[in-house]
Amino acid sequence: MRVLVTGGAGFIGSHVVDAMLARGDQVLVADDLSTGDRANLDKRAELRIADISSATTLAEAFRGARTDAVVHFAAKTKVVESMEKEALYRRVIVDGTRNVLNLAETLGARTFVNISTGGAIYGETPVCAAETAPTAAVSNYGRFKAEAERLVAASRLLSITLRLANVYGARQRKDLEGGVIAIFVGCWARAEPITVYGDGRYERDYVYVADVVEAVLAALGGKHRGIYNIGTGVATSVNELVSALTAVLGPPAGVRRAPPRAGEVLRACVDPSKAGRDRLWRSRTALADGLRLTALAEGADLQSDAAPSVGGAGSGGESR
Ligand SMILES: NC(=O)c1ccc[n+]([C@@H]2O[C@H](COP(=O)([O-])OP(=O)(O)OC[C@H]3O[C@@H](n4cnc5c(N)ncnc54)[C@H](O)[C@@H]3O)[C@@H](O)[C@H]2O)c1
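First residue of the sequence shown? That's 210 in our numbering, and the numbers climb one at a time after it.
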């Protein structure tokens with residue numbers, strides 16, 4: 210299969226590229242390397258550097274190419290930054306998605322897998338949100354991702370949108386506003402104090418990147434259409450995360466407290482049961498296993514009794 214992956218040099222996109230190459234797909238990547246890194250990409254993937262928010266640059270970069278499917282990851286992804294840079298976020302997420310849809314048609318794609326967000330699109334979720342829950346994004350990032358979803362649904366392509374929960378794993382950026390797990394593991398590795406915003410009771414649904422890769426490959430199978438949540442259905446607070454990491458890595462070097470951040474919801478959790486019911490996907494990696502695998506990949510020293518038990522998979526995603 211020939212697949213075009215936008216944002217394929219980024220955190221999640223590069224893991225998906227690896228899995229596609231491993232099963233023999235031909236992979237083309239569109240990325241402007243703004244937050245992605247060439248070093249994330251296997252040399253067998255063909256990288257074309259292009260900004261998806263420019264229709265002409267994108268068309269130039271892929272003139273003459275053909276593809277069977279498109280997986281669309283490329284986006285600006287920082288919730289807090291989206292409140293300060295609204296125009297940039299609209300251009301990359303909304304205009305960029307429109308341009309990628311047009312490109313997909315031009316290149317002859319049959320299937321379009323759109324990567325969206327559950328964490329930022331549902332707003333506050335006292336109960337883990339099913340796909341039928343109304344979207345109530347608090348941030349510009351979430352609002353624009355919802356708008357991009359509507360563009361995808363209205364296109365002529367056969368499409369599926371995956372609303373990802375908070376993804377974690379190797380290669381995630383540790384700069385401010387990257388995933389909290391990447392930031393924390395980096396602090397632990399450098400023996401620096403961690404920073405906890407608000408009272409540490411913010412809750413998120415953390416899904417391991419290898420499980421997300423499986424969801425994307427299943428979506429590429431082309432049998433499912435519409436919107437699917439991809440998460441664990443388990444909400445974990447920052448304080449619980451610190452305890453879980455302490456079990457893996459020992460106590461942190463210190464804990465700094467900081468005020469809550471603009472645009473952040475208190476509880477973001479998705480209900481993934483539709484994906485299970487429709488035999489698309491189920492999460493497999495328990496948080497404790499995913500944390501151990503992430504810490505190992507980042508070269509952190511594990512507690513002697515915290516070696517990964519089962520290579521992460523098959524251990525029941527909902528029992529942490
Ligand atoms: N990481 C998460 O927890 C999470 C959760 C929900 C949804 N998502 C979605 O998954 C996708 C990937 O996120 P990620 O965490 O891997 O982030 P990332 O920043 O590592 O990946 C984004 C990639 O897109 C590229 N990109 C950004 N703007 C571009 C542009 N204008 N033109 C071309 N390429 C551009 C970046 O260089 C990068 O390689 C995003 O769509 C994001 O909204 C991520």
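A virtual CB, placed ideally from N, CA and C, is assigned to each residue, including glycine. Computed from a prediction, not measured in an experiment: that's the story for all the values here.
Below 9 Å between beta carbons: does that hold for residue i and residue j?
i: Tyr411; j: Val447; result: yes
i: Glu340; j: Asn438; result: yes
i: Ser364; j: Glu314; result: yes
i: Ala239; j: Asn311; result: no
i: Ala338; j: Leu371; result: no
i: Gly328; j: Ala477; result: yes
i: Val236; j: Ala259; result: no
i: Ile436; j: Ser325; result: yes
i: Arg413; j: Ala374; result: yes
i: Leu366; j: Arg319; result: yes
i: Met402; j: Gly442; result: Per the sequence presented here, residue 402 reads as Pro, with Met not at that position. No, Cβ-Cβ distance for Pro402 and Gly442 is not below 9 Å.
i: Ala530; j: Arg257; result: No answer is possible for residue 530: the residues shown for the chain start at 210 and end at 529.
i: Ile390; j: Tyr415; result: yes
Work out the CA separation of residue j and residue i for me, nearest whole Å.
i: Val479; j: Leu496; result: 15 Å
i: Gly520; j: Tyr417; result: In this prediction, Gly520 scores a pLDDT of 37, lower than 50, which makes its location untrustworthy; the coordinate-derived value is nonetheless stated afterwards. Distance between the alpha carbons of Gly520 and Tyr417: 12 Å.
i: Val422; j: Ala462; result: 33 Å
i: Lys483; j: Thr503; result: 27 Å
i: Leu505; j: Glu449; result: 20 Å
i: Gly526; j: Lys383; result: Low confidence applies here, because Gly526 scores a pLDDT of 30, under 50, leaving its location unreliable; read the following figure in that light. Cα to Cα, Gly526 sits roughly 24 Å from Lys383.
i: Val212; j: Arg434; result: 18 Å
i: Val394; j: Ala444; result: 19 Å
i: Tyr350; j: Ala456; result: 33 Å
i: Leu475; j: Arg399; result: 28 Å
i: Val322; j: Ala509; result: 34 Å
i: Val214; j: Lys294; result: 25 Å
i: Pro343; j: Ser492; result: 23 Å
i: Ala355; j: Ala283; result: 15 Å
i: Leu297; j: Arg232; result: 36 Å
i: Gly431; j: Gln381; result: 28 Å
i: Met229; j: Asp420; result: 14 Å
i: Pro460; j: Ala427; result: 38 Å
i: Val309; j: Val361; result: 10 Å
i: Arg300; j: Met292; result: 14 Å
i: Ser528; j: Cys396; result: Bear in mind that a pLDDT of 29 at Ser528, under 50, signals an unreliable position, so the number given afterwards is only what the model happens to contain. Rounded to whole angstroms, Ser528 to Cys396 spans 26 Å at the Cα level.
i: Thr244; j: Val336; result: 32 Å
i: Asp234; j: Arg272; result: 20 Å
i: Gly499; j: Leu511; result: 13 Å
i: Leu316; j: Val280; result: 13 Å
i: Val289; j: Val376; result: 17 Å
i: Tyr331; j: Leu458; result: 33 Å
i: Thr286; j: Arg359; result: 18 Å
i: Ala274; j: Met210; result: 14 Å
i: Phe353; j: Ala346; result: 9 Å
Three or more C-beta pairs closer than 8 Å, one from the stretch 217-233 and one from the stretch 244-252: is that the case here?
-> yes
Does the stretch 394-412 touch the stretch 465-476, meaning 3 or more C-beta pairs lie closer than 8 Å?
-> yes
Which full runs of the alpha helix (DSSP H) of 4+ residues lie inside the stretch 243-282, going along the chain?
-> 264-270
Considering only residues of the stretch 398-482, which uninterrupted alpha helix (DSSP H) runs meet the minimum length of 4 residues and lie entirely inside it, listed in chain order?
-> 418-429, 447-458
Length-filtered (4 minimum) alpha helix (DSSP H) runs lying within the stretch 341-387 | 349-363
Are three or more beta carbon pairs between the stretch 255-264 and the stretch 298-312 nearer than 8 Å?
-> yes
Please specify which runs of the alpha helix (DSSP H), each continuous and at least 4 residues long, are wholly inside the stretch 290-345, giving them in chain order.
-> 295-298, 305-315
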